[in-house]
Amino acid sequence: MVLCHVPRWSVRLWACPGWWRPTSTLRALVRPRGPGCPGGASGPLACRMFSKVSSCPPEVMLTQERYPVQRLPFSVVSEEDLAAFEHMVPGRVVTDPEELEVSNVDWLRTARGCSKVLLRPRTSEEVSRILRYCHERNLAVTPQGGNTGLVGGSVPVFDEIILSTALMNQVTSFNSVSGILTCQAGCVLEGLSRYVQEQDFVMPLDLGAKGSCHIGGNVATNAGGLRFLRYGSLRGTVLGLEVVLADGTVLDCLTSLRKDNTGYDLKQLFIGSEGTLGVITAVSILCPPRPKAVNVAFLGCPGFAEVLQTFSTCRGMLGEVLSAFEFMDAECMQLVQQHLHLASPVQESAFYLLVETSGSSTGHDAEKLGCFLEQVLGSGLVTDGTVATDESKAQVDARARLVMPEQRVPVPACSRMFQGWRAWSRGALWALRERITEALSRDGYVYKYDVSLPVERLYDLVPDLRARLGSQARHVVGYGHLGDGNLHLNVTVDAFSTALLDTLEPYVYAWTAGQRGSISAEHGLGFRKRDALGYSKPPHAVQLMQQLKALLDPKGILNPYKMLPTQA
């Protein structure tokens, strides 16, 4: 089965209206252009020198200009290299500057490389041949999936070759008894979700970027996402991997066994390695059964202390059916209203919660959710809320008892509730949380931080940073996965400023380290956070990571300048 690839620009259009210009279908551009090149030059590299279209969007500053980074002594792609690549992947060597624009710039449009070539293999054997050649020639390679990362890890820093997994989109097998899915790394997460849902299963991972991100990239970054609370980390749900090493060796650990206690669990080396140790080409992953009943509640809380108490009550009362517990502050709601024109389903509050339950019994889950909501409403922890269920929707507030779909309540008892009532779907409620990143991108340049902290200190960094920055920032907002202790801290300004960056870093990292937190909860380190690794890992751990990198990639050609600190 082939899963249709959702183009990355479908997600990007809202982030940068008018920037991307559709081009023709990707085609091989390695044939000489001869007389068409000014001055009689021939070949794509020669032609590119005279191209009116830069290989990088001019409005995004080059990474090498924005940050202090020096190019390592890798070889430069030659005409002979392009001819060799054309022989390996015929018709799938891209050198057109317009087509390279999208792949040279990261999703946030804050990092930009100058790669002159993108390769689109279809099989692990083709990836193997490419990497073996690049290893012999000392050519640096940046593996790229959906390019939805937020730390600059999926785009070149200089002129690294981009190795795209976009055409590696085959589902190899699915076992409808065990729920084990095996597929190529380029399968888009949303396509996989639809595929397994047809088999009455769900993917254990869900992200806001699911329409563009690839499962291989998800695994390479150990992405967390919205179902982490229920199904845990990819380190637990990924059963096996196929990985191509820097020298072209194909490491086949693509097991579909849930239990295998023989030797070192090598796949764990590559989960979260961000393409620095090997290129993931195939994944075996355990999918849980599709829940029969899903309910979503969107609630308003007067303060963060109430948010924490609501979370404790939620875990105690919902227990086994709780699948998500997300929070966002008032400024997040203001931004999604201002930039995306989404309406709030509840009255204005200091904090907002999204609680999701997933289970096998509609009546059982509805009753548990109803008891929970009555408890938090009655105690004043929650002041307003809306509930969306499988069949219908109902709204609640602090003055009225929750009305579940199957309950019949006399009209006088709840008539006040339905004044101005409108139905809210689960998707509409989730959109308020999932589209915060989109709203932030429309507010200006965004400094993004993704930290893990003790739950009781999760929000303290936000008011601290507001006081520190004052009028230098347009907005300082906090939202994230409260159930996982994961804060997404975002600062928006009119334009990038080195002075403001110096105010933020290393302050944010030092503050996080002071709470024994992690400077990266789920986004990874990429290019931007690589030199901050020491705030979360001791020197001996960092040294061991560098030794592993040297062992598996002695020439350092795989995703250079990423994840590991700069070495003097």
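In the working numbering, the protein residues as written are 3 to 570.
Where a beta carbon is used, it is the ideal one built from N, C-alpha and C, also for glycine.
| Asked | Found |
| --- | --- |
| Best match in Ile164, Phe203, Lys294 for proximity to Phe176 [C-alpha to C-alpha] | Phe203 |
| Beta bridge counterpart(s) of Asp254 as assigned by DSSP | Glu244 |
| Local Cβ density within 10 Å of Tyr461, reported as buried at 16 or more and exposed below that | buried |
| N- and C-terminal bounds of the alpha helix (DSSP H) containing Asp504 | 500-506 |
| Cβ-based neighbour list, Arg114, same chain, cut-off 8 Å, excluding 5 preceding and 5 following | Cys58, Pro59, Val62, Met63, Leu64, Thr65, Asn106, Val107, Asp108, Val157 |
| Collapsed DSSP secondary structure at Asn263 in the structure displayed | coil |
| Buried/exposed call for Ala396, threshold 16 Cβ in 10 Å | Note that Ala396 scores a pLDDT of 36, beneath 50, so its modelled location is shaky and nothing firm can be said. |
| Complete runs of the beta strand (DSSP E) confined to the stretch 436-481 [at least 3 residues] | 447-454 |
| Nearest residue (CA-CA) to Asn171, options Pro123, Gln339, Tyr135, Asn297 | Pro123 |
| Identified DSSP bridge partners for Asp331 | Phe353 |
| Beta-bridge pairing of Gln186 - partner residues as DSSP gives them | Ala284 |
| Helix, strand or coil at Gly148 according to DSSP, with G and I counted as helix | coil |
| DSSP beta-bridge partners of Glu358 | Val298, Ala326 |
| Asp254 classed as buried or exposed, judged by whether at least 16 other C-beta atoms fall within 10 angstroms | exposed |
| Buried or exposed by the 16-neighbour rule on C-beta atoms within 10 Å, applied to Arg317 | exposed |
| His216 (DSSP reduced to helix, strand or coil) | strand |
| Rounded distance between the beta-carbons of Gly558 and Glu276, thought under 8 Å | Between Gly558 and Glu276 the Cβ distance is about 14 Å, and since that is not below 8 Å, they are no contact. |
| Val95, DSSP secondary structure in three states | strand |
| Leu560 versus Ile287, Asn140, Thr385, Glu88, residue with shortest Cα-Cα distance | Asn140 |
| Best match in Val252, Phe160, Pro293, Leu484 for proximity to Gln201 [C-alpha to C-alpha] | Pro293 |
| Local Cβ density within 10 Å of Gln270, reported as buried at 16 or more and exposed below that | exposed |
| Between the CA atoms of Val96 and Thr150 - distance to the nearest angstrom | 20 Å |
| Sub-7 Å separation of Lys531 and Thr278 beta-carbons | no |
| Close Cβ partners of Leu463 (< 8 Å) along its chain, the five nearest in sequence each way excluded | Val453, Leu455, Gly480, Leu489, Leu491, Val510, Trp513, Thr514 |
| Cβ-Cβ distance between Leu209 and Val298 below 7 Å | no |
| Where Gly485 falls: helix, strand or coil (DSSP) | helix |
| Meets three-Cβ-pair contact criterion under 8 Å: the stretch 315-334 and the stretch 376-392 | yes |
| Nearest residue (CA-CA) to Ser258, options Gly181, Pro291, Arg229, Val252 | Gly181 |
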